[in-house]
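Peer 1: Just so you know, we're using UniProt numbering here: the sequence shown kicks off at 1 and counts up by one.
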Amino acid sequence: TFGAGGTRNVCMFYWWTLGFCKCWNCSSTSSPHTVDKNAVVPFHLSAAPVIFTKKLENLDANEGDSVTLSCELSKPASVVWRHGDTVLESSSKYQLKQEGTSVQLIIYKLQGADSGEYSCDTGSQRTSAVLSVQDAQCEVTLTVKSKE
Numbered sequence: 001t002f003g004a005g006g007t008r009n010v011c012m013f014y015w016w017t018l019g020f021c022k023c024w025n026c027s028s029t030s031s032p033h034t035v036d037k038n039a040v041v042p043f044h045l046s047a048a049p050v051i052f053t054k055k056l057e058n059l060d061a062n063e064g065d066s067v068t069l070s071c072e073l074s075k076p077a078s079v080v081w082r083h084g085d086t087v088l089e090s091s092s093k094y095q096l097k098q099e100g101t102s103v104q105l106i107i108y109k110l111q112g113a114d115s116g117e118y119s120c121d122t123g124s125q126r127t128s129a130v131l132s133v134q135d136a137q138c139e140v141t142l143t144v145k146s147k148e
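Okay, here's the thing in structure tokens:
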């Protein structure tokens, strides 16, 4: 119910879709007349925003290993993965996976250059984590023999 200046307007909403509402039994009452009509009224319906229900976590790994960065969304949505400012795409180095609300970035054959900040961006929300890649450990064993 809404109105101004002695006018009373009543509108019952029976169903709606994104962007439009089917309005039935709308009436406008102002002395001395009453008008009843059906109408389709445009309105703005905002969808609930996508949020991260599980954010990325920092990781430590060794050169040569593979790692998986993963996060969860409140509902399925497209995401963009970045390493620093570089947008990542599926390749022999990176695998981008998404199943419903679960999103993953798999990085193969880690190298020192893979260290840094990785982010997952929905356009309205962003989560990030730091990957630290450690140099491969080399173990050298020396055997000393005496000459006698």
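Using N, Cα and C, we set each Cβ at its ideal position, and we do this for glycine too.
Where does the unbroken beta strand (DSSP E) through Lys54 begin, and where does it stop?
Peer 2: Boundaries of the beta strand (DSSP E) harbouring Lys54: Phe52 to Lys54, taken from the DSSP string.
Peer 1: Can you give the Cα-Cα distance for Thr122 and Thr101, rounded to whole angstroms?
Peer 2: Straight through space, the alpha carbons of Thr101 and Thr122 are spaced by roughly 12 Å.
Peer 1: Ignore the nearest five residues each way along the sequence and tell me which others in Lys54's own chain have a CB closer than 8 Å to its CB.
Peer 2: Closer than 8 Å at Cβ, skipping near neighbours: Ser70, Cys71 and Glu72.
Peer 1: Thinking C-alpha only, which one of Asn58, Ala113 and Tyr108 is nearest Ser128?
Peer 2: Asn58
Peer 1: In angstroms with no decimal places, state the Cα-to-Cα distance between Leu110 and Gln104.
Peer 2: CA-CA distance, Leu110 to Gln104, rounds to 16 Å.
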